[in-house]
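Numbering (full-length UniProt numbering), first residue to last: 1 to 229. For each residue, glycine too, the CB sits at the ideal point set by N, CA and C. Note that the structure is predicted; figures quoted are calculated from it, not measured.
Structure (structure tokens):
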């Protein structure tokens, strides 16, 4: 079913990605009934692969356009910036408590948008990451927002040719309900990520050699990816 509220550029990008995600990736979406067709929504998910935003966008386009908080470096390149702007994506600077990005997301929520956010901030590379409080601040700022949790599994296998992936997206509601007036933004972020990670454990991305490198570093007590200097 075609969703008339989806921007043309967003629809085009997701259609281009569809052969990889839907057909090669054998995408399955479960629990779509939890995602309202209109009104403000916070779609909160795990992030283990760079393919996750595309998989969410492709799989859920029949119901909503997902306006994701995306890393600001995408806007460094003019052609890419043109595309992501017209897809309704919101730039955010990682690890800097980007108040401007949160203000933009709050404004979009108040206009009835579906905002997609990965509270862990970046792909996990198989290692636990802390949930950032920004997701709680969004829920706090727009109390009428519907919080929908999402897990994605199998997206790390897209690059592992000839192994064929089986991508699965599951939508569900927080086990302890929506944002509560008496909880802090950090408490909310932690509890929803715990709900998500119980269903979608951390996964190693990349082809075999890359995944094994990350695994070795994690087992040695090091960050999965070497810090750049």
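Task: Coil, strand or helix - residue 26 by DSSP - done: coil
Task: Three-state class that DSSP yields for residue 106 in the structure shown - done: helix
TODO: If I'm right that residue 66 touches residue 56 with Cβ under 8 angstroms, what's the distance once you round it to whole angstroms?
DONE: 6 angstroms
Task: Within 9 angstroms, strictly: CB atoms of residue 189 and residue 99 - done: no
Task: Whole-angstrom C-beta distance between residue 174 and residue 123, which should lie under 8 angstroms - done: Rounded, the Cβ-Cβ distance is 23 angstroms, inconsistent with contact.
- [ ] Please determine, among 79, 86, 148, 225, the residue with the shortest C-alpha to C-alpha distance to residue 37.
- [x] 148
Open item on the list: Using a Cβ-Cβ cutoff of less than 6 angstroms, which residues in the same chain neighbour residue 121 once the five nearest sequence positions on both sides are dropped?
Closed with: 94, 132
TODO: For residue 172, I'd like the list of residues in its chain whose CB is within less than 7 angstroms of its CB, leaving aside the five on either flank, ordered along the chain.
DONE: 31, 34, 149
Open item on the list: Tell me which residue opens and which closes the alpha helix (DSSP H) that residue 150 is part of.
Closed with: Run containing residue 150: none in the alpha helix (DSSP H); it sits in the beta strand (DSSP E), 146-153.
- [ ] Please name the residue in 3, 211, 207, 162 whose C-alpha comes closest to that of residue 62.
- [x] 3
TODO: Starting from residue 83, trace the alpha helix (DSSP H) both ways and give me its first and last residue.
DONE: 78-86
TODO: Using 10 angstroms around the beta-carbon of residue 16, count the other beta-carbons present and answer buried if the total reaches 16, otherwise exposed.
DONE: exposed
Open item on the list: Going by DSSP in three states, residue 163 sits in which element: helix, strand or coil?
Closed with: coil
Open item on the list: Does residue 230 pass the burial test, meaning 16 or more other C-beta atoms within 10 Å, or should it be called exposed?
Closed with: Since the first residue of the chain shown is 1 and the last is 229, residue 230 is not available in this structure.
TODO: Could you tell me the boundaries of the beta strand (DSSP E) in which residue 158 lies?
DONE: Looking at the DSSP string, residue 158 is not in any beta strand (DSSP E), and its letter there is neither H nor E.
- [ ] Assign residue 168 to one of three DSSP states: helix, strand, or coil.
- [x] strand
Open item on the list: the ligand PLP and residue 14: does any heavy atom of the ligand fall closer than 8 angstroms to the residue's C-beta?
Closed with: For the structure depicted, the ligand PLP is absent and the ligand set is empty, with no information on it obtainable.
TODO: Take residue 126 and list the residues in its own chain whose beta-carbon comes closer than 7 angstroms to its own, dropping the five residues that flank it on each side.
DONE: 202, 203, 204, 214, 215, 218, 224
- [ ] Put residue 16 into one of helix, strand or coil per three-state DSSP.
- [x] helix
TODO: With DSSP as the reference, please indicate the residues paired to residue 43 in a beta bridge.
DONE: 116, 148
Task: Presumed contact (8 angstroms Cβ cut-off) between residue 117 and residue 44, rounded CB distance - done: 6 angstroms
Task: Beta carbon of residue 84 nearer than 9 angstroms to that of residue 70 - done: yes
Task: Buried versus exposed call for residue 234 [16 or more other C-beta atoms within 10 Å across all chains shown] - done: Any answer about residue 234 is impossible in this case: the structure gives the chain only from 1 up to 229.
Task: Cβ-Cβ distance between residue 46 and residue 167 below 9 angstroms - done: no
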